[in-house]
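Undergrad: Here it is, the structure in full.
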Amino acid sequence: MNENNTIDVLNEGPLGLKSVLVGSLPGSLIVNGEPTRYTVEAVFTRRAKAAEVTQIMAKSTHERLTREGYPDACLQVSDRRLLIHETNLEELRDGLATVIAETLAEIAAGVLRDERLAILAAELNDERELQRAKAVLALAESIDFSLPASYEPQSASSDAQALQSEEVSD
């Protein structure tokens, strides 16, 4: 939060990947009979936001991977890790890692843009509400309950006469 009590979305770092979790790789790599495709886990540079997670695992992201030549690859988020299913280290090294990095950067930029727009909209609504409240206050303060200078109180005797004349007419 900043001094305006809004979330400072500008201070978050970009969403990316730091490294492959080597310990999560199949133990049979680089030997005869190694699997051709497996899941590779990579560590995010920061925790992915809910909106980013949704987009990372969206059909549109898989379609992009397919267009880029990686139809078998599938992305899944698990806490601070990206699980890249149906791939291998060579495929990642030879281009898939770059496609994933670009995809994550575009997703994060889009989410950041949406957050900024939401903050601006909230600030605009707050400003409108402030202006409305000021207008209501000014109108309420313009009401004057004081007696006009020309006011003369009616005498008690004229009130009594008015009551008597009402009784006579009944």
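Counting in the UniProt record's numbering, the sequence shown runs from 1 upward without gaps.
Beta carbons: idealized from backbone N, C-alpha and C, even for Gly.
Is it the case that the Cβ atoms of L17 and T45 are separated by a distance below 8 Å?
TA: The sequence position of residue 17 within the sequence shown is 17, counting from 1. The sequence position of residue 45 within the sequence shown is 45, counting from 1. Result yes, Cβ atoms of L17 and T45 sit closer than 8 Å.
Undergrad: From L15 to G110, what distance separates their C-alpha atoms?
TA: Locating residue 15 in the sequence shown gives position 15, counting from the first residue. Locating residue 110 in the sequence shown gives position 110, counting from the first residue. Distance between the alpha carbons of L15 and G110 is about 11 Å.
Undergrad: Going by DSSP, name the residue or residues bridged to F44.
TA: As a position in the sequence shown, residue 44 is number 44, starting the count at 1. Its beta-bridge partners are L17.
Undergrad: Checking 8 Å against the spacing of the C-beta atoms, do R81 and L21 come in under that value?
TA: If you number the sequence shown from 1, residue 81 lands on position 81. If you number the sequence shown from 1, residue 21 lands on position 21. The criterion of a C-beta distance shorter than 8 Å is satisfied by R81 and L21.
Undergrad: With H, G and I counted as helix, E and B as strand and the rest as coil, what does DSSP make of T54?
TA: Taking the sequence shown and counting its residues from 1, the one referred to as residue 54 is at position 54. Here T54 sits in helix by DSSP.
Undergrad: Per DSSP, what are the beta-bridge partners of H85 in this structure?
TA: The residue given as residue 85 occupies position 85 in the sequence shown. Paired residues: C74.
Undergrad: Helix or strand or just coil, what does DSSP make of T98?
TA: Along the sequence shown, read from residue 1 onward, the residue named residue 98 stands at position 98. Reduced to three states, the DSSP call for T98 is helix.
Undergrad: Mind checking whether R47 and T87 have CB atoms under 8 Å apart?
TA: Translated into the one-based positions of the sequence shown, residue 47 becomes position 47. Translated into the one-based positions of the sequence shown, residue 87 becomes position 87. No. Outside cutoff.
Undergrad: Closest to A97 by CA distance: which of I30, E152, V43, E34 is it?
TA: Against the sequence shown, residue 97 aligns to sequence position 97. Cα-wise, what sits closest to A97 is V43.
Undergrad: Assign L147 to one of two classes, buried (16 or more other C-beta atoms within 10 Å of its C-beta) or exposed (fewer than that).
TA: Translated into positions along the sequence shown, residue 147 becomes position 147. Flag for L147 reads exposed.
Undergrad: Identify the residues that DSSP records as bridge partners of Y38: which are they?
TA: Position 38 of the sequence shown, counting from 1, holds the residue named residue 38. Paired residue(s): T87.
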